[in-house]
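Some notes on the structure that comes next.
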Amino acid sequence: MKAWYDLHIHSALSPCGDEEMTPNNVVMMAKLVGLDVIAVTDHNACDNCEAFEKVAKEQGVTLLCGMELETSEEVHVVFLFPDAKSAKKFADYVDTRRFKFANDADIYGRQLVLNENDEIVGEEPNLLITATDIGIYETVALATEYGGVAFPAHIDRPSHGAIQMLGDVHEDMGFTAVEISTLASDEFVQSYRDRGYIILRNSDAHYLENLNEQTCNFVELEKVTARAVLDKLAKR
Ligand SMILES: [Zn+2]
Ligand SMILES: [Zn+2]
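Structural data, given as structure tokens:
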């Protein structure tokens with residue numbers, strides 16, 4: 025069956041994410057636009073995954089819990105995990121490998137931790153949009169170790185995309201899927217498909233109105249579960 029997806033969505037935890045990007049708002053918007061599978065992927069942290077997981081379960085939307093990690097080369101790589109528990113374990117590890125300096129909320133925005141009722145229960149004090157010391161060549165093995173998958177984000181974008189920063193997505197990085205922004209040409213997309221990559225077209229939404237709609241993209245799955253999505257992306 026077709027599972028309509030959007031696997032790169034920021035919440036209010038990302039300083040650049042709109043404060044309306046709460047668990048209930050995002051999940052309800054996903055339902056409204058007809059998405060079957062979504063993923064919450066904040067910069068370098070996973071603190072809102074648990075609240076999203078509770079809301080998504082209640083609303084019958086399949087959720088992957090993830091993170092958009094910034095590598096030491098300043099490339100963005102999206103990690104996806106089957107549940108909040110495994111995402112948290114990964115986030116705890118990333119926490120030991122990211123550079124920490126205080127967020128200035130007036131400049132970058134607040135970094136809100138929310139509960140399943142969209143109530144603010146905390147604020148991440150250190151700025152999340154910084155590089156980690158995790159290299160891009162480590163990412164696939166790391167994702168596997170923590171029970172998930174990783175793919176390079178918006179590879180065609182000048183800001184934090186793999187092509188601009190490293191020349192290309194190289195085969196020995198080990199990725200099975202790549203994310204290409206919605207602005208890229210059909211020829212560009214086909215060139216990566218020809219190289220054997222699964223192509224993901226996600227919204228990278230920071231605002232509710234930017235979520236993918238059902239008319240955008242789907243993956244064929246026998247059953248719509250987080251595990252089935254991960255297996256598909258990892259070509260297992
Ligand atoms: Zn990004
Ligand atoms: Zn993003």
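Heads up: the sequence shown begins at 25 in our numbering, then just goes up one per residue. Heads up, the beta-carbon is just placed ideally off N, CA and C, and yes, glycines get one too. Please read these numbers as outputs of a predicted model, since none were measured by experiment.
Bridge partners of residue i, per DSSP?
| i | result |
| --- | --- |
| R122 | T156 |
| A252 | Its beta-bridge partners do not exist; DSSP assigns none. |
| G90 | T65 and L104 |
| G146 | V137 |
| V99 | Beta-bridge pairing links V99 to no other residue. |
| F242 | W28 |
In the DSSP assignment, the alpha helix (DSSP H) including residue i goes from what residue to what residue?
| i | result |
| --- | --- |
| E82 | C73 to Q83 |
| K26 | Premise fails: K26 lies in the beta strand (DSSP E), K26 to I33, not in any alpha helix (DSSP H). |
| P284 | With the chain represented from 25 up to 260, any question about residue 284 goes unanswered, as that position is not in the structure. |
| D228 | Where D228 is concerned, there is no enclosing alpha helix (DSSP H), given that its DSSP letter is neither H nor E. |
| D130 | A129 to Y132 |
Taking C-beta to C-beta, are residue i and residue j nearer than 7 Å?
| i | j | result |
| --- | --- | --- |
| F105 | L87 | no |
| E98 | H194 | no |
| L235 | M53 | yes |
| W28 | Q188 | no |
| K81 | E140 | no |
| L232 | N48 | no |
| D180 | I204 | yes |
| L31 | A63 | yes |
| K112 | T200 | no |
| A177 | H100 | yes |
| F123 | T154 | yes |
| T46 | L138 | yes |
| K7 | V243 | This structure cannot speak to residue 7, because the chain is shown only from 25 to 260. |
| V102 | T156 | no |
| D60 | C89 | no |
| I160 | M197 | yes |
| N68 | S35 | no |
| L224 | V173 | no |
| Q83 | V57 | no |
| Q135 | E143 | no |
Considering residue i, what are the terminal residues of the beta strand (DSSP E) in which it resides?
| i | result |
| --- | --- |
| V248 | Looking at the DSSP string, V248 is not in any beta strand (DSSP E), and its letter there is neither H nor E. |
| L138 | L136 to L138 |
Closer than 6 Å: is that where the CB of residue i sits relative to any heavy atom of ligand 3?
| i | result |
| --- | --- |
| V137 | As presented, the structure is devoid of ligand 3, carrying ligand 1 and ligand 2 as its sole ligands. |
Problem - beta strand (DSSP E) runs wholly inside the stretch 148-226, at least 3 long, in chain order - result: 173-176, 201-203 and 222-224
Handout entry: Pocket of ligand 1 (residues with CB nearer than 7 Å to any heavy atom), chain order
Key = E92, H100, A177, H178, H184 and D228
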